[in-house]
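Let me begin by presenting the structure, written as structure tokens, before commenting on it.
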Amino acid sequence: MFHLQIPKNLSKTELYRSLGEQAHALVSGELDFMANAANLCSLLWHCLPDINWVGIYRLKPEGLVLGPFQGKPACTRIPLGKGVCGTSARQNKSVLVPDVRKFPGHIACDSATRSELVVPLRICEDLVIGVLDLDSPVENRFDAVDQEAMEALSRLLTGRVSNLLKGDL
Ligand code: SME
Numbered sequence: 025m026f027h028l029q030i031p032k033n034l035s036k037t038e039l040y041r042s043l044g045e046q047a048h049a050l051v052s053g054e055l056d057f058m059a060n061a062a063n064l065c066s067l068l069w070h071c072l073p074d075i076n077w078v079g080i081y082r083l084k085p086e087g088l089v090l091g092p093f094q095g096k097p098a099c100t101r102i103p104l105g106k107g108v109c110g111t112s113a114r115q116n117k118s119v120l121v122p123d124v125r126k127f128p129g130h131i132a133c134d135s136a137t138r139s140e141l142v143v144p145l146r147i148c149e150d151l152v153i154g155v156l157d158l159d160s161p162v163e164n165r166f167d168a169v170d171q172e173a174m175e176a177l178s179r180l181l182t183g184r185v186s187n188l189l190k191g192d193l
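Following this line, the structure appears as structure tokens:
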């Protein structure tokens with residue numbers, strides 16, 4: 025059984041070290057992407073402060089489709105290039121939004137959301153398979169440290185799939 029450790033009174037660096045170790049333990053014994061994505065969302069939901077939604081959108085031929093998440097029900101489909109998620113997926117880059125009211129085309133799934141961080145889920149650098157989306161009710165909640173940590177967790181998640189595609193496993 026996995027023992028969730030909810031970090032308390034840790035610096036951001038220590039928090040992300042703990043999260044990284046726990047995420048590694050969670051995904052290392054499982055190759056199924058959706059199972060690992062669901063557990064990663066749960067881990068982030070329980071361990072990160074000031075978050076009102078965390079989840080995955082998968083990139084399909086018709087656009088982004090909702091995957092595993094924690095938080096209130098959300099929009100099920102987002103066209104590529106639309107909103108923060110669609111922008112991140114189309115540009116294959118992380119998008120950090122300090123104030124969603126100032127992001128043209130922001131898609132409001134929850135009116136409480138004030139800031140947002142979306143990082144692409146990619147295989148082999150240029151193949152985007154989805155995005156990891158974090159929302160906060162606090163303006164300016166996310167910074168470069170959060171972005172770097174989420175990018176590392178995204179690589180951990182998709183690394184399992186990359187290995188499969190490369191035939192390493
Ligand atoms: N705000 C996102 C939509 C997804 S929800 O936040 C869960 C966007 O603008 O793409």
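Its first residue numbered 25, the sequence shown is counted upward by one per residue in the working numbering. By construction, the Cβ of each residue, glycine as well, lies at the ideal position given by its N, Cα and C atoms.
Rounded to the nearest whole angstrom, the CA to CA distance from D150 to D170 is 22 Å. When distances are taken from the beta-carbon of A113 to the heavy atoms of the ligand SME, even the shortest one reaches 7 Å or more.
By DSSP's assignment, S42 forms no beta bridge with any residue. In this structure, T100 sits near V89, with a CB-CB distance shorter than 8 Å. The beta carbon of F127 is closer than 7 Å to those of V108 and V121 in its chain, skipping five residues each way along the sequence. Residue state for E54 is assigned as coil, using DSSP reduced to three classes.
With contacts defined by Cβ atoms closer than 8 Å, L156 and A47 do not form a contacting pair. Counting along the chain, the unbroken beta strand (DSSP E) around Q94 starts and ends at G87 to G95.
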